[in-house]
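Novice: Protein chains in written order, with our numbering: chain A, 39 to 310; chain B, -2 to 308.
#1: If I measure Cβ to Cβ from residue 270 (chain B) and keep anything under 7 Å in the same chain, skipping five residues before and after, which residues do I get?
#2: Find the residues of chain A that neighbour residue 102 (chain B), judging by a C-beta separation of less than 7 Å, and give them in chain order.
#3: Using 8 Å as the cut-off, can you tell me whether the stretch 100 to 113 of chain A makes contact with the stretch 69 to 85 of chain A, which would need three or more C-beta pairs spanning the two stretches below that distance?
#4: Between residue 137 (chain B) and the rest of its own chain, which residues show a CB-CB distance below 6 Å, the 5 nearest in sequence each way excluded?
#5: Listed in chain order, which residues of the stretch 65 to 86 of chain A have Cβ atoms closer than 7 Å to some Cβ of chain B?
#6: Please report the distance separating the alpha-carbon of residue 193 (chain B) from that of residue 33 (chain B).
#7: Out of B:285, B:59, B:214, B:87, which one is the CA nearest neighbour of residue 22 (chain B)?
#8: Return the chain-ordered list of same chain residues with a C-beta closer than 7 Å to the C-beta of residue 249 (chain A), the five sequence neighbours on each side being excluded.
#9: Looking at the secondary structure, which residues open and close the alpha helix (DSSP H) in which residue 138 (chain B) lies?
#10: Determine whether the Cβ of residue 227 (chain A) lies closer than 8 Å to any Cβ atom of chain B.
#11: From this set, B:205, B:290, B:122, B:0, which residue's C-alpha is nearest residue 43 (chain B)'s C-alpha?
#12: Where in the stretch 30 to 78 of chain B do unbroken runs of the alpha helix (DSSP H), each at least 4 residues long, occur, reported from the N-terminal end onward?
#13: Would a check of beta-carbon distances place residue 149 (chain B) closer than 8 Å to chain C?
#14: On the DSSP letters alone, give me the boundaries of the alpha helix (DSSP H) that residue 179 (chain A) sits inside.
#15: Curious, which full-length beta strand (DSSP E) runs of at least 3 residues does the stretch 97 to 181 of chain B contain?
#16: How would you list, in chain order, the residues of chain A whose beta-carbon sits under 9 Å from the beta-carbon of residue 53 (chain B)?
#17: Is any beta-carbon of chain A found at less than 8 Å from that of residue 82 (chain B)?
#18: Does the structure place the stretch 48 to 55 of chain B close enough to the stretch 84 to 92 of chain B that three or more beta carbon pairs sit under 8 Å?
#19: Let's see if you can read the secondary structure: which residues bound the beta strand (DSSP E) around residue 2 (chain B)?
#20: For the alpha helix (DSSP H) holding residue 247 (chain A), just list the boundary residues, first then last.
#21: With 16 as the cutoff for other CB atoms within 10 Å, does residue 94 (chain B) come out buried or exposed?
#22: I need the DSSP call for residue 116 (chain A), collapsed to helix, strand or coil.
#23: For a quick check, are the C-beta atoms of residue 218 (chain A) and residue 236 (chain A) less than 8 Å apart?
#24: Quick one: give me the first and last residue of the alpha helix (DSSP H) that residue 71 (chain A) is part of.
#25: Taking a contact to mean a Cβ-Cβ separation below 8 Å, would you say residue 113 (chain A) touches residue 92 (chain A) in this structure?
#26: Who are the neighbours of residue 98 (chain B) on chain A, taking C-beta pairs under 7 Å?
#27: So if I threshold CB-CB distances at 9 Å, which residues from the stretch 64 to 92 of chain B count as touching chain A?
#28: Does the CB of residue 50 (chain B) have a neighbour CB from chain A at under 8 Å?
#29: Have a look at B:16, B:228, B:158 and flag the residue whose alpha-carbon is nearest the alpha-carbon of residue 7 (chain B).
#30: Any idea what DSSP makes of residue 242 (chain B), helix, strand or coil?
#31: Using the DSSP secondary-structure output, state which residues sit across from residue 206 (chain B) in a beta bridge.
#32: Check the Cβ of residue 190 (chain A) against every Cβ in chain B and list those closer than 9 Å, keeping chain order.
#33: Whose Cβ in chain A lies nearer than 8 Å to the Cβ of residue 142 (chain B)?
#34: Helix, strand or coil: which one does DSSP assign to residue 194 (chain A)?
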């Protein structure tokens, strides 16, 4: 032990050891995640809503989309369900963090792992991985089902280019939403509050800033997290004024990074 | 061993005011004995315990566990086992899964989970969701969690709260056993009667300050003042006589209380003066009374500012 002893009362800092390893913390967070039913219910909802609604919308709109009076692209419909499925990412992102605060378990967590940044990082990584995978798989299933109906009308799309990008883009977007909510959850520590704030920001405020007149409103719309991030999850956005897929996602990632940094600072400083 | 040095915690209570929950306290919790941490509700017990575990950051001063800052430990659960509040578990997770994630976080082998479940007698319900547990089962799960890392220091915050008599006896025996194994055992309570049966050493806190830090025996000797109760037909005469001998005499209803002389001597004195005695009893005031006396100021204080202290 390389620590030096000081006068009584003084605390000896340990320099030879690190707190529980990140792998251990990640393992612990994984056990936490998969041992509650709400995780599985939420992910099932992601899949059913994401893939199911896409297929339903493609089935219902295929003949219209193929007709001359169609003023939307079939590319806007092939990941339609993800617009609804994103709500489940908000829910799970919040639950992963806020149930711990709600039950007081967060103290057990921080007593077991005093390096709180690792807890935040492990939760973040798991949410990103889970939604990256579930989001992509969901989008793919939705594509396979939806494209079947589009194909019948002769407007099917091959799985390449922007369509392919929108598949893993859906995974990336859901992962981003989940991560965004994890950060908000650590800041607010309250389940209902976290879910309301994120949904209001994504779904309501994201559309309302459109009402701000002129270029200001236009840019606000482009930069709102839900709008900036969602372009990547669809081959052709309904709103033609949004940022390009990757530029928008870049903005979204920056916004998440700012929130995560704020959460990190607050979680380390605040008494648990 | 737990060592606090000038440990202070202030909370801001809004309007630019602050409330000192823990006020520059020094103490050492030694291994091999049960140390009771006693104080009225809101005296600073839980805040102190949270600071020991690095959950609350001290405003100033330090607290160390086994000579180190707790947060710097490579495997904190092997350093301190803590029960902070019962039912601080996800209601939808089973007891076993709760212990499994804790074990995983500190690299403790999963086999240990079964061992601690057996230790607290929860094996049969380990697969049940913790939300269905009674308060007593929740406390047992909390203690199982505390013992997961087989730690040399065990901190239990109000462990007997809500337990039935059988559960209370179990915690008492368990704490004794841990101390006998040479561990540091630090138990908080607001019930003196419980501490009297459990603790070897006492740390009394009130209004964020240490009011007493001594062995249980010392505490009883110095704080639990005893008196001799005398009942006699000629009560006034007896009182006057004893008072004349420089003893502290007080009259309460139909009895007088004498401090400063033992019961046989009081009896002999009265006999020699021809006074008839109906009752002569040595009354030891209970520890609860001693505790009340000691912390009377802080309790009174808290009664008026309970809102400020509530967290």
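All residues carry an ideal CB built from backbone N, CA and C; glycine is no exception.
Specialist: On the basis of the data shown:
#1: Result list for residue 270 (chain B): 238, in chain order.
#2: Per Cβ cutoff of 7 Å: 58, 62, 63, 66, 150, 151.
#3: In short, these stretches do not touch, since the Cβ pair count stays below three.
#4: Cβ neighbours of residue 137 (chain B) beyond the five flanking positions: 117, 119.
#5: Identification of residues in the stretch 65 to 86 of chain A having a C-beta nearer than 7 Å to some C-beta of chain B yields 65, 66, 69, 70, 73, 74, 75, 76, given in sequence order.
#6: Here the alpha carbons of residue 33 (chain B) and residue 193 (chain B) stand approximately 9 Å from one another.
#7: Out of B:285, B:59, B:214, B:87, B:59 has the C-alpha closest to the C-alpha of residue 22 (chain B).
#8: Around residue 249 (chain A): 255.
#9: It spans 132 to 144 - the alpha helix (DSSP H) in which residue 138 (chain B) sits, taken as one unbroken run.
#10: No, residue 227 (chain A) lies away from the interface with chain B (no Cβ there is under 8 Å from its Cβ).
#11: The closest CA to that of residue 43 (chain B), considering only B:205, B:290, B:122, B:0, is found on B:205.
#12: Along the length of the stretch 30 to 78 of chain B, whole alpha helix (DSSP H) runs at least 4 residues long occupy 42 to 49, 73 to 76, reported in chain order.
#13: Checking the listed chains, one finds no chain C in this structure; the protein chains it contains are A and B.
#14: Where residue 179 (chain A) is concerned, the enclosing alpha helix (DSSP H) stretches over 154 to 190.
#15: Assignment of beta strand (DSSP E) within the stretch 97 to 181 of chain B, counting only whole runs of 3 or more residues, yields 150 to 154 in chain order.
#16: Per Cβ cutoff of 9 Å: 309, 310.
#17: When Cβ-Cβ separations below 8 Å define contact, residue 82 (chain B) makes contact with chain A.
#18: When C-beta atoms of the stretch 84 to 92 of chain B are compared with those of the stretch 48 to 55 of chain B, fewer than three pairs fall below 8 Å, so the two segments do not count as touching.
#19: Per DSSP, residue 2 (chain B) belongs to the beta strand (DSSP E) from -1 to 9.
#20: Judged by DSSP secondary structure, residue 247 (chain A) falls outside any alpha helix (DSSP H); it is assigned neither H nor E.
#21: So residue 94 (chain B) ends up on the buried side.
#22: Residue 116 (chain A) falls in the coil class under three-state DSSP.
#23: Yes, they are a contact pair.
#24: Residue 71 (chain A): member of the alpha helix (DSSP H) spanning 60 to 72, first to last residue.
#25: In terms of Cβ geometry, residue 113 (chain A) and residue 92 (chain A) do not form a close pair [threshold 8 Å].
#26: Identification of chain A residues near residue 98 (chain B) by a Cβ-Cβ cut-off of 7 Å yields 66, 69, 70, ordered along the chain.
#27: Within the stretch 64 to 92 of chain B, the qualifying residues are 64, 65, 66, 67, 68, 69, 70, 71, 72, 73, 74, 77, 79, 81, 82, 84, 85, 86, 87, 88, 89, 90, 91.
#28: With respect to chain A, the C-beta atom of residue 50 (chain B) has a partner C-beta closer than 8 Å.
#29: Selected option, being the one with the closest Cα: B:16.
#30: The answer is coil: DSSP assigns residue 242 (chain B) none of H, G, I, E or B.
#31: Answer is B:203.
#32: By Cβ distance, chain B contributes nothing, its closest Cβ being about 44 Å from residue 190 (chain A), past 9 Å.
#33: Within chain A, the residues near residue 142 (chain B) are 146.
#34: Here DSSP, grouped into helix, strand and coil, assigns residue 194 (chain A) to coil.
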